[in-house]
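So that you can map any letter, position 283 of the sequence shown is 278 in my numbering, and since no number is skipped, the others follow by simple counting.
The beta carbon of each residue, even a glycine, is placed where N, CA and C say it ideally should be.
I have placed the structure first, in the form of C-alpha coordinates, so that the comments after it can refer back to it.
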Amino acid sequence: MQPYNLTKNKFIHNKIFRYGLVIFIYIGMQFSAFLLQIFNPFTVFGWLPDNLSAKEAAEYMSGQWGFFSFLIATILIIWLTYTDFFRKKQDDISAKQVFFWTIVGIFLAYAAQIVSGLILSLLLGVQEPSENTTSLIGIAQTAPLFIFVICIFAPILEEIIFRGIIFKSVAEKTNFFVGVLVSAIIFAFVHQDFTFFISYFFMGFVFAYLYHKTNRLIVPIIVHATLNTIVTMIQLIFSDLINDLQKQIQCIFMFFCLQVCIKKHRNLSFSVKFRCLWRPWGDSNARHLL
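This is how it looks when you write it as C-alpha coordinates:
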(Lines of atoms letter the chains of each structure in order from A and count residues from 1; the text may use other names and numbers.)
(Lines give C-alpha, C1' and ligand atoms only; values in the text may rest on other atoms or scores of the structure.)
Protein backbone atom coordinates (compact mmCIF):
# COMPACT_ATOMS: atom_id res chain seq x y z
CA MET A 1 0.00 0.00 0.00
CA GLN A 2 1.46 3.34 -1.08
CA PRO A 3 1.47 6.20 1.45
CA TYR A 4 -1.16 8.84 0.81
CA ASN A 5 0.14 11.63 -1.40
CA LEU A 6 -0.04 14.66 0.85
CA THR A 7 0.60 17.07 -2.01
CA LYS A 8 -2.92 16.35 -3.36
CA ASN A 9 -4.44 18.01 -0.31
CA LYS A 10 -4.33 21.80 -0.70
CA PHE A 11 -4.26 22.31 3.08
CA ILE A 12 -1.63 19.74 3.97
CA HIS A 13 0.45 20.79 0.96
CA ASN A 14 1.44 23.88 2.98
CA LYS A 15 4.53 22.94 5.01
CA ILE A 16 3.88 25.55 7.70
CA PHE A 17 0.38 24.20 8.20
CA ARG A 18 1.62 20.60 8.40
CA TYR A 19 4.43 21.41 10.83
CA GLY A 20 2.07 23.45 12.98
CA LEU A 21 -0.35 20.51 13.02
CA VAL A 22 2.47 18.15 13.98
CA ILE A 23 3.47 20.31 16.94
CA PHE A 24 -0.20 20.66 17.94
CA ILE A 25 -0.62 16.86 17.92
CA TYR A 26 2.56 16.43 19.96
CA ILE A 27 1.50 18.96 22.59
CA GLY A 28 -2.02 17.51 22.69
CA MET A 29 -0.61 14.03 23.24
CA GLN A 30 1.57 15.27 26.11
CA PHE A 31 -1.42 16.77 27.89
CA SER A 32 -3.95 14.09 26.92
CA ALA A 33 -3.49 12.33 30.27
CA PHE A 34 -5.58 15.10 31.84
CA LEU A 35 -8.58 13.49 30.13
CA LEU A 36 -8.33 10.71 32.69
CA GLN A 37 -9.48 13.18 35.31
CA ILE A 38 -12.70 13.68 33.34
CA PHE A 39 -13.34 10.10 32.29
CA ASN A 40 -11.13 7.27 33.52
CA PRO A 41 -11.88 4.00 31.65
CA PHE A 42 -9.49 2.07 33.88
CA THR A 43 -11.67 2.60 36.93
CA VAL A 44 -15.03 2.75 35.13
CA PHE A 45 -14.59 -0.57 33.32
CA GLY A 46 -12.40 -2.24 35.93
CA TRP A 47 -9.28 -2.46 33.77
CA LEU A 48 -6.89 -2.07 36.70
CA PRO A 49 -5.08 -5.24 37.84
CA ASP A 50 -5.72 -6.35 41.39
CA ASN A 51 -3.37 -5.77 44.33
CA LEU A 52 -1.86 -2.53 43.06
CA SER A 53 -0.91 0.24 45.46
CA ALA A 54 -2.13 3.77 44.77
CA LYS A 55 1.25 4.69 43.27
CA GLU A 56 1.38 1.54 41.11
CA ALA A 57 -2.19 2.12 39.91
CA ALA A 58 -1.28 5.66 38.84
CA GLU A 59 1.84 4.38 37.06
CA TYR A 60 -0.15 1.62 35.35
CA MET A 61 -2.78 4.05 34.05
CA SER A 62 -0.06 6.49 32.89
CA GLY A 63 1.79 3.70 31.10
CA GLN A 64 -1.22 2.23 29.32
CA TRP A 65 -2.59 5.65 28.35
CA GLY A 66 0.87 6.76 27.28
CA PHE A 67 1.29 3.75 25.00
CA PHE A 68 -1.92 4.35 23.06
CA SER A 69 -1.61 8.15 22.92
CA PHE A 70 2.01 7.95 21.72
CA LEU A 71 1.10 5.24 19.20
CA ILE A 72 -1.68 7.33 17.67
CA ALA A 73 0.48 10.49 17.66
CA THR A 74 3.39 8.63 16.04
CA ILE A 75 1.19 7.28 13.23
CA LEU A 76 -0.35 10.69 12.54
CA ILE A 77 2.94 12.58 12.66
CA ILE A 78 4.78 10.11 10.41
CA TRP A 79 1.88 10.37 7.95
CA LEU A 80 2.09 14.16 7.96
CA THR A 81 5.88 14.29 7.57
CA TYR A 82 6.51 11.22 5.40
CA THR A 83 7.39 13.19 2.26
CA ASP A 84 9.76 15.47 4.22
CA PHE A 85 11.78 12.99 6.25
CA PHE A 86 11.13 9.38 5.23
CA ARG A 87 10.60 9.22 1.46
CA LYS A 88 13.69 8.09 -0.46
CA LYS A 89 15.50 10.92 -2.27
CA GLN A 90 18.12 10.74 -5.01
CA ASP A 91 20.82 12.46 -2.96
CA ASP A 92 20.30 10.32 0.15
CA ILE A 93 23.36 8.63 1.62
CA SER A 94 23.67 4.87 1.19
CA ALA A 95 22.61 2.25 3.72
CA LYS A 96 26.28 1.62 4.55
CA GLN A 97 26.78 5.29 5.37
CA VAL A 98 23.63 5.26 7.51
CA PHE A 99 25.04 2.31 9.44
CA PHE A 100 28.45 3.99 9.81
CA TRP A 101 27.04 7.26 11.11
CA THR A 102 24.70 5.37 13.43
CA ILE A 103 27.66 3.64 15.07
CA VAL A 104 29.58 6.93 15.23
CA GLY A 105 26.51 8.62 16.67
CA ILE A 106 26.14 6.08 19.47
CA PHE A 107 29.75 6.67 20.56
CA LEU A 108 29.35 10.46 20.29
CA ALA A 109 26.14 10.38 22.31
CA TYR A 110 27.60 8.25 25.07
CA ALA A 111 30.71 10.46 25.18
CA ALA A 112 28.44 13.50 25.49
CA GLN A 113 26.68 11.86 28.43
CA ILE A 114 30.00 11.12 30.14
CA VAL A 115 31.24 14.70 29.68
CA SER A 116 27.97 16.19 30.90
CA GLY A 117 28.02 13.78 33.84
CA LEU A 118 31.49 14.95 34.82
CA ILE A 119 30.41 18.59 34.59
CA LEU A 120 27.32 17.94 36.67
CA SER A 121 29.20 16.06 39.37
CA LEU A 122 32.56 17.80 39.61
CA LEU A 123 31.48 21.37 38.91
CA LEU A 124 27.84 21.45 40.01
CA GLY A 125 27.88 18.77 42.71
CA VAL A 126 24.94 16.78 41.29
CA GLN A 127 24.95 13.23 42.65
CA GLU A 128 21.30 12.09 42.55
CA PRO A 129 19.93 10.16 39.54
CA SER A 130 17.67 11.76 36.94
CA GLU A 131 14.10 12.23 38.19
CA ASN A 132 12.83 11.91 34.61
CA THR A 133 14.51 8.52 34.14
CA THR A 134 13.45 7.24 37.56
CA SER A 135 9.83 8.19 36.86
CA LEU A 136 9.75 6.64 33.37
CA ILE A 137 11.39 3.40 34.50
CA GLY A 138 8.92 3.15 37.37
CA ILE A 139 6.04 3.40 34.89
CA ALA A 140 7.67 0.82 32.59
CA GLN A 141 8.05 -1.65 35.47
CA THR A 142 4.33 -1.42 36.28
CA ALA A 143 3.07 -1.15 32.67
CA PRO A 144 5.50 -2.97 30.32
CA LEU A 145 3.78 -1.58 27.21
CA PHE A 146 5.30 1.77 28.12
CA ILE A 147 8.71 0.37 27.11
CA PHE A 148 7.60 0.86 23.49
CA VAL A 149 7.03 4.56 24.26
CA ILE A 150 10.52 4.96 25.71
CA CYS A 151 12.39 2.94 23.10
CA ILE A 152 10.46 3.59 19.87
CA PHE A 153 7.69 6.20 19.87
CA ALA A 154 9.41 8.95 21.86
CA PRO A 155 12.68 8.87 19.81
CA ILE A 156 10.72 9.04 16.54
CA LEU A 157 8.49 11.92 17.65
CA GLU A 158 11.28 13.91 19.30
CA GLU A 159 13.60 13.65 16.32
CA ILE A 160 10.88 14.67 13.88
CA ILE A 161 9.96 17.71 15.95
CA PHE A 162 13.23 18.89 17.49
CA ARG A 163 15.64 18.01 14.68
CA GLY A 164 13.46 17.63 11.58
CA ILE A 165 11.26 20.67 12.16
CA ILE A 166 12.80 23.04 14.72
CA PHE A 167 16.53 22.55 14.02
CA LYS A 168 16.19 22.42 10.25
CA SER A 169 13.81 25.38 10.05
CA VAL A 170 15.98 27.61 12.25
CA ALA A 171 19.26 26.49 10.62
CA GLU A 172 17.94 27.22 7.13
CA LYS A 173 17.02 30.78 8.13
CA THR A 174 20.17 31.42 10.21
CA ASN A 175 23.01 28.90 10.45
CA PHE A 176 23.91 25.51 11.93
CA PHE A 177 24.98 26.80 15.35
CA VAL A 178 21.87 28.91 15.94
CA GLY A 179 19.74 25.95 14.86
CA VAL A 180 21.55 23.65 17.30
CA LEU A 181 21.30 26.18 20.12
CA VAL A 182 17.56 26.76 19.71
CA SER A 183 16.59 23.13 19.15
CA ALA A 184 18.82 21.78 21.94
CA ILE A 185 17.51 24.30 24.48
CA ILE A 186 13.88 23.50 23.63
CA PHE A 187 14.68 19.76 23.67
CA ALA A 188 16.21 20.05 27.14
CA PHE A 189 13.41 22.28 28.43
CA VAL A 190 10.63 19.93 27.28
CA HIS A 191 12.05 17.07 29.36
CA GLN A 192 11.46 19.17 32.50
CA ASP A 193 14.46 17.65 34.29
CA PHE A 194 16.28 20.91 34.91
CA THR A 195 18.99 19.41 37.11
CA PHE A 196 20.16 17.49 34.04
CA PHE A 197 19.47 20.31 31.59
CA ILE A 198 23.06 20.29 30.36
CA SER A 199 22.90 16.55 29.59
CA TYR A 200 19.84 16.96 27.41
CA PHE A 201 21.41 19.99 25.75
CA PHE A 202 24.56 18.02 24.86
CA MET A 203 22.47 15.17 23.46
CA GLY A 204 20.40 17.62 21.45
CA PHE A 205 23.65 18.95 19.97
CA VAL A 206 24.80 15.42 19.00
CA PHE A 207 21.46 14.51 17.39
CA ALA A 208 21.35 17.78 15.45
CA TYR A 209 24.94 17.25 14.25
CA LEU A 210 24.09 13.74 13.01
CA TYR A 211 21.08 15.03 11.10
CA HIS A 212 23.08 17.93 9.66
CA LYS A 213 25.92 15.64 8.62
CA THR A 214 23.80 12.92 6.99
CA ASN A 215 20.60 14.78 6.02
CA ARG A 216 18.82 11.57 7.06
CA LEU A 217 16.55 11.82 10.08
CA ILE A 218 16.63 8.05 10.45
CA VAL A 219 20.21 8.30 11.78
CA PRO A 220 19.46 10.34 14.94
CA ILE A 221 16.23 8.35 15.36
CA ILE A 222 18.15 5.06 15.50
CA VAL A 223 20.85 6.50 17.78
CA HIS A 224 18.24 8.00 20.11
CA ALA A 225 16.22 4.78 20.19
CA THR A 226 19.34 2.67 20.78
CA LEU A 227 20.45 4.78 23.74
CA ASN A 228 16.99 4.72 25.32
CA THR A 229 16.77 0.95 24.81
CA ILE A 230 20.17 0.36 26.41
CA VAL A 231 19.34 2.55 29.40
CA THR A 232 15.93 0.89 29.82
CA MET A 233 17.38 -2.62 29.73
CA ILE A 234 20.11 -1.62 32.17
CA GLN A 235 17.62 -0.11 34.60
CA LEU A 236 15.10 -2.94 34.36
CA ILE A 237 17.38 -5.99 34.19
CA PHE A 238 21.01 -5.28 34.99
CA SER A 239 20.79 -2.30 37.32
CA ASP A 240 22.85 -3.62 40.27
CA LEU A 241 25.51 -5.29 38.12
CA ILE A 242 25.97 -2.26 35.88
CA ASN A 243 26.11 0.10 38.85
CA ASP A 244 29.07 -1.81 40.31
CA LEU A 245 30.80 -2.09 36.94
CA GLN A 246 30.28 1.59 36.13
CA LYS A 247 31.71 2.65 39.51
CA GLN A 248 34.88 0.70 38.71
CA ILE A 249 35.09 2.22 35.23
CA GLN A 250 34.56 5.69 36.66
CA CYS A 251 37.41 5.20 39.15
CA ILE A 252 39.74 4.09 36.35
CA PHE A 253 38.66 6.99 34.14
CA MET A 254 39.15 9.51 36.93
CA PHE A 255 42.56 8.03 37.74
CA PHE A 256 43.79 8.65 34.18
CA CYS A 257 42.30 12.15 34.24
CA LEU A 258 44.19 12.78 37.45
CA GLN A 259 47.45 11.61 35.90
CA VAL A 260 46.98 14.09 33.08
CA CYS A 261 46.29 16.86 35.60
CA ILE A 262 49.40 15.97 37.59
CA LYS A 263 51.61 16.09 34.52
CA LYS A 264 50.26 19.49 33.47
CA HIS A 265 49.97 21.01 36.94
CA ARG A 266 52.64 19.53 39.17
CA ASN A 267 52.03 22.14 41.82
CA LEU A 268 48.64 20.70 42.78
CA SER A 269 48.42 19.90 46.48
CA PHE A 270 47.94 16.34 47.63
CA SER A 271 44.50 17.14 49.07
CA VAL A 272 43.27 18.49 45.75
CA LYS A 273 44.58 15.42 43.93
CA PHE A 274 42.93 13.13 46.45
CA ARG A 275 39.56 14.83 46.11
CA CYS A 276 39.76 14.76 42.32
CA LEU A 277 40.44 11.00 42.40
CA TRP A 278 37.84 9.85 44.87
CA ARG A 279 34.98 12.31 44.59
CA PRO A 280 32.22 10.40 42.78
CA TRP A 281 30.49 11.97 39.81
CA GLY A 282 27.16 10.17 40.14
CA ASP A 283 25.95 6.67 39.45
CA SER A 284 23.37 7.64 36.87
CA ASN A 285 24.59 10.81 35.19
CA ALA A 286 25.65 8.90 32.07
CA ARG A 287 22.66 6.58 32.12
CA HIS A 288 19.42 8.46 31.76
CA LEU A 289 16.65 8.51 29.22
CA LEU A 290 16.27 11.13 26.51
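Inset, instruction - Work out the CA separation of residue 251 and residue 203 for me, nearest whole Å. - result: When only Cα atoms are considered, residue 203 and residue 251 end up about 31 Å apart.
Inset, instruction - Could you check the C-alpha separation between residue 294 and residue 233 for me, to the nearest Å? - result: Because the chain spans -4 through 285 in this model, residue 294 falls outside it and cannot be assessed.
Inset, instruction - Have a look at residue 36 and residue 211 and give me their C-alpha separation to the nearest angstrom. - result: Each residue's Cα considered, the two are about 40 Å apart.
Legend entry - Cβ distance (whole Å) where residue 182 is taken to contact residue 159 below 8 Å: With 8 Å as the limit, residue 182 and residue 159 do not qualify as a contact, their Cβ atoms being about 12 Å apart.
Legend entry - Same chain, Cβ closer than 7 Å to residue 91, five either side skipped, listed in chain order: Residues of the same chain with a CB within less than 7 Å of the CB of residue 91, apart from the 5 flanking positions on each side, do not exist.
Legend entry - Residue of 228, 27, 19 minimising C-alpha distance to residue 139: It is 228 whose Cα lies nearest to the Cα of residue 139.
Inset, instruction - Would you identify the three-state DSSP class for residue 361, choosing helix, strand or coil? - result: Nothing can be reported for residue 361, as the shown portion of the chain is limited to -4 through 285.
Inset, instruction - Under 7 Å Cβ to Cβ from residue 137, same chain only, skipping five residues before and after it: list those, please. - result: 51, 54, 55, 58
Legend entry - Limits of the alpha helix (DSSP H) - the one that residue 89 falls within: Residue 89 -> no alpha helix (DSSP H), and no H or E assigned at all.
Inset, instruction - Please report how far the alpha carbon of residue 9 lies from the alpha carbon of residue 215, in whole angstroms. - result: 26 Å
Inset, instruction - Report the three-state DSSP secondary structure of residue 12 (helix, strand or coil). - result: helix
Inset, instruction - Could you check which residue in 243, 119, 177, 135 has the C-alpha nearest to that of residue 165? - result: 177
Legend entry - Proximity of residue 152 and residue 68 at Cβ, strictly below 8 Å: yes
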